[in-house]
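Chemist: Residue numbers (the working numbering): 1020 to 1458.
Positions of the beta carbon are idealized from the N, C-alpha and C atoms, including for glycine.
Below you will find the structure I want to go over with you.
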Ligand SMILES: [Zn+2]
């Protein structure tokens, strides 16, 4: 078969796959947008085919890229991930990832949810071409953690990567004003100011014994490029703290600690990620700088205060002073810079619940009810209130880590997560009926 005929055949194959993709039962949200974007791309490819303008290889590669996208539609089945959390991610991500096209207005990204793999991932299209209109992002929920919304705060880090590497932000270390500002702040002083300082810090006498042993055995050094990667990872950690608040740090510790054999492990020769110990120290420093290691509960709610203190002990966990590489001022300024960016893009900065809200939400969990805020008067009329996602997560973690303070029927972690998942769904319904959100 001549190559040109086969490319026509492949075009028909992809077109059929797109038509067939409509037969599945997908979740609400942007499925129609996704389909329309694929249709737009297919039409563009057909025009190129008819004009015979582009080389055959370029058309084939566009068709295969589109065919790959179609397989992703099929992996977005209802019931394999938390729909309300997926919706929350889309709400947080859409303004952050909006691409400003100047006079033409903004291009809304399409954020597609799938259940796949065992870790939290967000991937984005790096290269856009003339046949593409809106950038596609794929958010992959680990299938085995379907209802574990208390763990889903881990997505915040990936949202950081997606934001910094969207075309608007460009290269983290060259053009984006937020990235430049954050990098300047974090490298202004302290052990991470340049590669030589990192090496001096790793070789210092007060380094943990494991680090000292490792450093004695190696002649390798950390380069400026390695250090830049470290800064990106730490910035993305601060980013998710800004999105999900302390709940994220609880998820981070819970998820990473069991899989981390040596918290100081780094591969000097090809390091791209700072050690777990360093990441934790930076997060704890940021929590302290934000005032998030002081409880919201007071002695007026003594059980709640005891429970929240258990959460805070867990969040602030043991941190080695050696691993604290930034000053409180650096972390406060970095969080403020992220906060300003959020304000400019219309993304809400994480907040903790007030004492009353926390008391209401935790009391509901104690009764094995989803943590929403509702009062029912003597006539049975219910009044509901807005509650933010990160407030629900904070209440969930407070209950879990402080459960011994309450005299309630035991609740296992899975059931607690299911309650929190249900609460997100109920809150959507509450906000819809109150006109605070649209379908
Ligand atoms: Zn990362």
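What is the chain-ordered set of residues for which the beta carbon lies under 6 angstroms from any non-hydrogen atom of ligand 1?
Modeler: Having a Cβ closer than 6 angstroms to some heavy atom of ligand 1 are 1176, 1180, 1252, 1255.
Chemist: Considering just the uninterrupted stretch of the alpha helix (DSSP H) at residue 1418, what are its terminal residues?
Modeler: 1408-1420 is the span of the alpha helix (DSSP H), which, as asked, contains residue 1418.
Chemist: Among 1118, 1451, 1130, 1060, which residue has its Cα nearest to the Cα of residue 1108?
Modeler: Taking only the C-alpha atoms, the option nearest residue 1108 is 1130.
Chemist: Please state whether DSSP places residue 1025 in a helix, a strand or coil.
Modeler: Residue 1025 falls in the helix class under three-state DSSP.
Chemist: Count the other CB atoms, across all protein chains shown, that sit within 10 Å of the CB of residue 1088; report buried if there are 16 or more and exposed otherwise.
Modeler: Buried, by the Cβ-count rule.
Chemist: Rounded to whole angstroms, what's the CA-CA distance from residue 1186 to residue 1329? Just pull it up for me.
Modeler: Bear in mind that a pLDDT of 43 at residue 1186, under 50, signals an unreliable position, so the model cannot answer this.
Chemist: Kindly confirm or deny that the segment 1194-1206 and the segment 1348-1361 touch, where touching means at least three C-beta pairs closer than 8 angstroms.
Modeler: Segments in contact, yes.
Chemist: Less than 8 angstroms between the CB atoms is what I'm expecting for residue 1431 and residue 1166, so what's the real figure, rounded?
Modeler: Contact doesn't hold; Cβ gap of about 12 angstroms is too wide.
Chemist: Would residue 1402 and residue 1409 be called neighbours here (beta carbons separated by less than 8 angstroms)?
Modeler: It is not a contact, given that the beta carbons lie outside the stated cut-off.
Chemist: To the nearest angstrom, how far is the alpha carbon of residue 1268 from that of residue 1085?
Modeler: Rounded to the nearest angstrom, the two C-alpha atoms are 37 angstroms apart.
Chemist: Do residue 1318 and residue 1327 have their C-beta atoms within less than 8 angstroms of each other?
Modeler: No, these two residues do not count as a Cβ contact at 8 angstroms.
Chemist: I'd like the span of the alpha helix (DSSP H) that includes residue 1540, first residue to last.
Modeler: Residue 1540 lies beyond the range of the chain shown here (1020 to 1458); nothing can be said about it.
Chemist: Whose C-alpha, out of 1138, 1421, 1336, is nearest the C-alpha of residue 1159?
Modeler: Of the listed residues, the one whose Cα sits closest to residue 1159 is 1138.
Chemist: Once the 5 residues before and after residue 1056 are set aside, which same chain residues still bring their CB inside 8 angstroms of it?
Modeler: So the qualifying residues of the chain are 1129, 1151, 1152, 1153, 1155.
Chemist: Any heavy atom of ligand 3 closer than 7 angstroms to the Cβ of residue 1444?
Modeler: Because ligand 3 does not appear in the structure shown, any question about it cannot be addressed here, the ligands present being ligand 1.
Chemist: Pull up the CB-CB distance for residue 1285 and residue 1294, whole angstroms please, since I reckon it's below 8 angstroms.
Modeler: Correct: roughly 5 angstroms between the Cβ atoms.
Chemist: Skipping 5 residues on each side, what residues in its chain have a beta carbon closer than 7 angstroms to that of residue 1360?
Modeler: Around residue 1360: 1197.
Chemist: In three-state terms, what does DSSP make of residue 1081?
Modeler: Note: residue 1081 maps to helix in three-state DSSP.
Chemist: Please classify residue 1199 as buried or exposed, where buried requires at least 16 neighbouring CB atoms within 10 angstroms.
Modeler: Result: exposed.
Chemist: Looking at the C-beta of residue 1040, does it have a partner C-beta in chain C at a distance below 8 angstroms?
Modeler: As a matter of chain content, chain C is missing from the structure shown, which is built from one protein chain.
Chemist: If you drop the 5 nearest sequence neighbours on each side, which residues of the same chain put their C-beta closer than 7 angstroms to that of residue 1297?
Modeler: Cβ within range, chain order: 1342, 1344.
Chemist: With DSSP run on the structure shown, which of helix, strand or coil describes residue 1037?
Modeler: It is helical.
Chemist: What are the boundary residues of the alpha helix (DSSP H) that residue 1262 is part of?
Modeler: That run of the alpha helix (DSSP H) goes 1243-1263.
Chemist: Straight-line CA distance for residue 1453 to residue 1177?
Modeler: If I take the Cα positions, the gap works out to 32 angstroms.
Chemist: Okay, do the segment 1412-1424 and the segment 1259-1278 touch, 3+ Cβ pairs below 8 angstroms being the bar?
Modeler: The segment 1412-1424 vs the segment 1259-1278: in contact.
Chemist: What is the rounded straight-line gap between the Cα of residue 1064 and the Cα of residue 1058?
Modeler: Distance between the alpha carbons of residue 1064 and residue 1058: 10 angstroms.
Chemist: Identify which residue in 1092, 1025, 1102, 1073 has its Cα closest to the Cα of residue 1447.
Modeler: For the residues 1092, 1025, 1102, 1073, the minimum Cα distance to residue 1447 belongs to 1102.
Chemist: Checking 8 angstroms against the spacing of the C-beta atoms, do residue 1389 and residue 1442 come in under that value?
Modeler: Yes. Within cutoff.
Chemist: Going by Cα to Cα distance, which pick from 1309, 1278, 1280, 1244 is closest to residue 1291?
Modeler: The shortest C-alpha separation from residue 1291 is found at 1244.
Chemist: Would you list the one or two residues that DSSP bridges to residue 1156?
Modeler: Answer is 1130, 1143.
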